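Inspection log for the structure reproduced underneath, given as structure tokens.
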Amino acid sequence: MIAQTLDVFQVVADPSRRQMMQMLSKESMTINALAENFDMSRPAVSKHIKIMYTAGFISITDIGRERHCTLKQDGFNELQEFINYFDKFWDSKLNKLETLLNNKAKKK
Amino acid sequence: MQKEIKKTKHFSQSPEEVWEYLTQPALIEQWLMKNDFQPVVGHKFQFTCSDTAYCEVLEVEPCTRLSYSWQKNSAKSGQSMNSIVVWTLIRKENGTELQLVHNGFTALEDLLAHENGWNTCFAKLEEQISTVKK
Chain A
3 MIAQTLDVFQ VVADPSRRQM MQMLSKESMT INALAENFDM SRPAVSKHIK IMYTAGFISI
63 TDIGRERHCT LKQDGFNELQ EFINYFDKFW DSKLNKLETL LNNKAKKK
Chain B
864 MQKEIKKTKH FSQSPEEVWE YLTQPALIEQ WLMKNDFQPV VGHKFQFTCS DTAYCEVLEV
924 EPCTRLSYSW QKNSAKSGQS MNSIVVWTLI RKENGTELQL VHNGFTALED LLAHENGWNT
984 CFAKLEEQIS TVKK
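Protein chains in written order, with the working numbering: chain A, 3 to 110; chain B, 864 to 997.
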């Protein structure tokens, strides 16, 4: 199997995975129950599950013979961190611009 | 969950003067990053630093509006982190109001477009977390 080292944005870029996460946002589901909602092979579903699991979007618990998927915070935190990074980035850059323009005004 | 960044700044300079700082490579570099920007729609350019951004000019309305796409690590991860930066300049009596909106984060916005589903989802997550904390 191909090693999956997708970043969080690549993980959520796939419509099927987003749909799976939406379903999981309502309730935990077994992989089988999830798979029933998708017109794709079971291995294909498993591959998506693995990708979401690796990126921290879901956790998997074995209960009896079933594997239960539950939504997890980590992946979402990483998305949020990305936005936070830019938020701080622009604050600092705009402050620099402000300083520049203020100094320029003083020189006149 | 926050899905876009909005900033507003007031400057005593005219929009014309502020515009120069948004569109002249040497002036941009003084406060933002090294770049090969040109105020021409369709021009592809880069903001160069340890984490280079690959950009393309989308809109140029002199002294009023400027926007470009902003893509990180395009070589490595394809379109995974595409986004859009929009600058709006509004003439005021005592200078210029400069607005910045950074949004259109691929996937993220799409993902959060289903507000209801996701609000429920995040409410649930918050609930879970606060329960754990207790």
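Glycine included, each C-beta is placed from N, C-alpha and C at the ideal position.
Keep in mind the model is a prediction, meaning the values are calculated, not measured.
Considering just the uninterrupted stretch of the beta strand (DSSP E) at residue i, what are its terminal residues?
i: GLN934(B); result: 928-935
i: LEU921(B); result: 916-924
i: GLY958(B); result: 958-966
i: GLU68(A); result: 68-73
i: LYS866(B); result: Counting along the chain, LYS866(B) falls outside any beta strand (DSSP E), and DSSP gives it neither H nor E.
Measure the C-alpha to C-alpha separation of residue i and residue j and round it to an integer number of angstroms.
i: ASP16(A); j: GLU919(B); result: 24 Å
i: ALA107(A); j: MET22(A); result: 55 Å
i: LYS90(A); j: PRO925(B); result: 27 Å
i: PHE968(B); j: LYS869(B); result: 13 Å
i: PRO878(B); j: GLY958(B); result: 7 Å
i: ALA916(B); j: THR56(A); result: 27 Å
i: PRO902(B); j: SER18(A); result: 39 Å
i: THR871(B); j: LEU963(B); result: 6 Å
i: ASN105(A); j: PHE874(B); result: 12 Å
i: ASN129(A); j: GLY77(A); result: Given that chain A is displayed from residue 3 to residue 110, the structure contains no residue 129(A) and the question cannot be resolved.
i: LEU988(B); j: ILE62(A); result: With a pLDDT of 48 at LEU988(B), under the threshold of 50, the modelled position of this residue cannot be trusted; read the value that follows with caution. Cα to Cα, the separation comes out at about 16 Å.
i: ASP9(A); j: ASN86(A); result: 16 Å
i: HIS914(B); j: ILE891(B); result: Residue identity differs from the one stated: residue 914(B) is Asp in this sequence, not His. Taking the straight line joining both Cα atoms gives about 17 Å.
i: HIS70(A); j: SER30(A); result: 7 Å
i: PHE908(B); j: LYS935(B); result: 12 Å
i: LYS95(A); j: LEU895(B); result: 6 Å
So what does residue i bridge to, in DSSP terms?
i: MET42(A); result: Answer by DSSP bridge pairing: none, since MET42(A) is not bridged.
i: VAL948(B); result: TYR931(B), HIS965(B)
i: PHE908(B); result: CYS918(B)
i: THR886(B); result: The partner list for THR886(B) (beta bridge, DSSP) is empty, contrary to what the question assumes.
i: ILE65(A); result: GLU68(A)
i: MET896(B); result: In the DSSP output, where bridge partners are listed per residue, MET896(B) has none listed.
i: MET31(A); result: CYS71(A)
i: PHE874(B); result: THR959(B)
What whole-angstrom Cβ distance do residue i and residue j have, given they're in contact under 8 Å?
i: ILE53(A); j: VAL13(A); result: 6 Å
i: THR911(B); j: PHE900(B); result: THR911(B) to PHE900(B), Cβ: 11 Å. No contact.
i: LEU73(A); j: PHE59(A); result: 7 Å
i: LEU99(A); j: TYR884(B); result: 6 Å
i: LEU102(A); j: GLN893(B); result: 6 Å
i: ILE33(A); j: VAL47(A); result: 7 Å
Anything in chain E within Cβ reach of residue i, meaning under 8 Å, just list it in chain order.
i: GLN876(B); result: The structure shown contains no chain E; its protein chains are A and B.
Residue i lies in the alpha helix (DSSP H); which residues open and close that run?
i: MET25(A); result: 17-28
**Request:** Select from the region 893-915 of chain B all residues with a C-beta closer than 9 Å to any C-beta belonging to chain A, and list them in chain order.
**Result:** GLN893, TRP894, LEU895, MET896
**Item:** Residues of the region 28-41 of chain A with Cβ closer than 9 Å to any Cβ of chain B, in chain order
**Value:** LYS28
**Short-range partners of chain B found in the region 43-60 of chain A, where Cβ spacing is below 9 Å** = none
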